Each structure stands twice: as C-alpha cells, then as structure tokens.
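Participant: Under the working numbering, the residue at position 10 of the sequence shown is numbered -7, and the numbers go up by one with no gaps.
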Amino acid sequence: MEFEDVVARRRMVRNYTEESVDADVLARIVWAGRKAPSAGFSQGQAFVVITSQASRSAIAELAGEAEYVADGLDPWISRAPAHIVVCVSENAYHRRYNEADKLLDGEETDWPIPYWWVDAGASLQNLLLAAVDEGMAAGFLGLHAMPGLKDLLGIPAEYEPIGVVTVGHPA
-16 MEFEDVVARR RMVRNYTEES VDADVLARIV WAGRKAPSAG FSQGQAFVVI TSQASRSAIA
44 ELAGEAEYVA DGLDPWISRA PAHIVVCVSE NAYHRRYNEA DKLLDGEETD WPIPYWWVDA
104 GASLQNLLLA AVDEGMAAGF LGLHAMPGLK DLLGIPAEYE PIGVVTVGHP A
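In structure tokens, the structure reads:
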C-alpha cells in the first residue's frame, strides 16, 4: 500500500470482528513502533502485546467498558483480538543523556520539553499506521481512563504506560 493511502485510511476503529490477528502481523506492527525516533537514541519506548481473552477482558473492565456498552456502544476493548500497550521510560532518557557524548559542559541536558512523551506519541502513530498497512484496523484508549493497568500487566516501575492500541479486523 502506498504511504498516502495508509495515511488516508487511518482512523480510530472501535468495532472488530472476532478473527484473531496473525502473530507475524503483530510483530511487524510492533517493529514499526520500535522504529519511531527517540531523542538521542534513548530508546525509552516499550510495548506489551496482549492477545489472551482473559487479559483483554481484564483491561476492558479496568477501562469501564461495561458503562460504555450500557450506553449502547459496542464492546470494542474486550472484542479487539490484540492490544498493544505503549510504555515509556523517562529514566532511559536520563541515563542516555548522562553518557559522555550527550553531556553539555559536564551536565545532563535541561529537559524543557519532556521528549520521552513526544517519542511515545511517535511510536503510537507508527503502530496505528502499520496496522492500516497490514490491512488491520486500530483504535487508541488513553491510560487516563484505566487506573491499575500497570499493576495488572506487571509493567516494571521504570515504565509508564500511556495507553492501549487495540488491533483487529474491522467489523
């Protein structure tokens, strides 16, 4: 698919078929997320891929999907056959910018802009575009709506999840 077509077709999808997503397709989507830029090649982005129904249902429960469905909408979080949780580590950036080639006058860069969040957003966009390129659909659920996700998935303390990309075949 041409890049222009990928960009034109990208939209947030919140209704999927129950057909699973091939593991190789998910691997290519995550690869694209990992190819996003990171300030100073800090590589502070990380991804958790979830395909088990039990875990997807637990995430949907944390996100309050029952209330969403009670309002007459489809159960898109639990129905999506794959979730990719986008995480970022601020500490990875501080470690990188304390290496000799990144020090300015012997000091770490002052971070007037927290570029770890910018880089996580770039990773998120790559995931969304890669899903379209693979013939899949994707949506995004911000973490502000999901307290407890980090504990549920055992995400290390150093990493902060920003949200969940749902991936599947569009319904």
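Even for Gly, the Cβ is constructed at its ideal location relative to N, Cα and C.
Keep in mind that this is a model prediction, so the values were computed, not measured.
1. Which residue from V71, E90, A114 and H127 puts its Cα closest to that of P20?
2. Does the stretch 46 to 57 come within contact of the stretch 96 to 110, defined as at least 3 CB pairs closer than 8 Å?
3. Could you check whether V(-10) and A120 sit closer than 8 Å to each other, using their CB atoms as the reference points?
4. Taking only three categories from DSSP, how would you classify G151?
5. In chain order, what residues of the same chain lie with their CB nearer than 6 Å to the CB of V115, ignoring the 5 residues before and after it?
6. With distances taken between CB atoms, is the gap from T34 to A154 smaller than 8 Å?
7. Below 8 Å, can you find three or more Cβ-Cβ pairs linking the stretch 104 to 111 to the stretch 131 to 150?
8. Below 6 Å CB to CB, which residues in the same chain sit around V68 once its five sequence neighbours on both sides are set aside?
9. Can you give the Cα-Cα distance for V156 and G23, rounded to whole angstroms?
10. Pull up the distance between the alpha-carbon of Y80 and that of L132, whole angstroms please.
Facilitator: To lay it out plainly:
1. For this step, residue 20 is matched to residue 37 along the sequence shown. With distances taken between Cα atoms, P20 lies closest to V71.
2. Taking a cut-off of 8 Å on C-beta distances, the stretch 46 to 57 does not touch the stretch 96 to 110, as fewer than three cross pairs fall below it.
3. Locating residue 120 in the sequence shown gives position 137, where the first residue counts as 1. Locating residue -10 in the sequence shown gives position 7, where the first residue counts as 1. Cβ distance not < 8 Å, so A120 and V(-10) don't count as in contact.
4. To locate residue 151, count along the sequence shown from 1; it is residue 168. In the structure shown, G151 sits in a strand (DSSP, three-state: E or B).
5. Start at 1 with the first residue of the sequence shown, and residue 115 comes out as number 132. Excluding sequence positions up to five before and after V115, its CB lies within less than 6 Å of the CB of V(-11), R(-8) and R(-7), all in the same chain and listed in chain order.
6. Here residue 34 corresponds to residue number 51 of the sequence shown, with the count starting at 1. Here residue 154 corresponds to residue number 171 of the sequence shown, with the count starting at 1. For the pair T34 and A154, the CB atoms are not nearer than the 8 Å cut-off.
7. The stretch 104 to 111 is in contact with the stretch 131 to 150.
8. For the purposes of this step, residue 68 is taken as the residue at position 85 of the sequence shown. Closer than 6 Å at Cβ, skipping near neighbours: V31, P144 and V147.
9. There is simply no residue 156 to check, as the chain begins at -16 and stops at 154 in what is shown.
10. As a working note, residue 80 is residue 97 in the sequence shown. As a working note, residue 132 is residue 149 in the sequence shown. Their backbone Cα atoms lie some 29 Å apart in a straight line.
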